[in-house]
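Taking it in order: structure first as structure tokens, then the write-up.
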Amino acid sequence: MDFSQLNKKSAKSFNDQKALIKKLSQGRVVNCPDCQQPIVLSLSQSTPNRAVAQCQQGCTFIELDLA
């Protein structure tokens with residue numbers, strides 16, 4: 002099994018998510034690549050030290066640990 006392709010895909014996905022979070026934290030509007038709805042960054046009221054970046058339909062869902 003060739004893990005180099007899997008590692009490349011994982012690294013690309015991580016870097017894409019990191020760039021998306023950076024743009025959102027700068028206040029820029031970023032659209033979901035699937036549904037083209039805006040992705041919103043919100044802090045969780047019920048769970049401290051957590052934030053969520055998601056589109057309205059839920060195609061994109063990134064949970065962040067802010068601790």
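For what it's worth, the numbering used here labels the leading residue of the sequence shown as 2, then goes sequentially. Even glycine gets a Cβ: it sits at the ideal position worked out from N, Cα and C.
One Cα belongs to F15, the other to P34, and the distance between them is close to 15 Å. In the DSSP secondary-structure assignment, D66 is bridged to R51. The beta carbon of L65 lies closer than 6 Å to those of A52 in the same chain, with the five residues before and after it left out.
Nearest in C-alpha terms to C60, of all of A12, Q37 and K23, is Q37. A residue is called buried once 16 or more other Cβ atoms fall within 10 Å of its Cβ, and V31 is buried on that count. Take K24, set aside five residues on each side of it, and the residues of its chain with a beta-carbon closer than 7 Å to its own are V31, in chain order.
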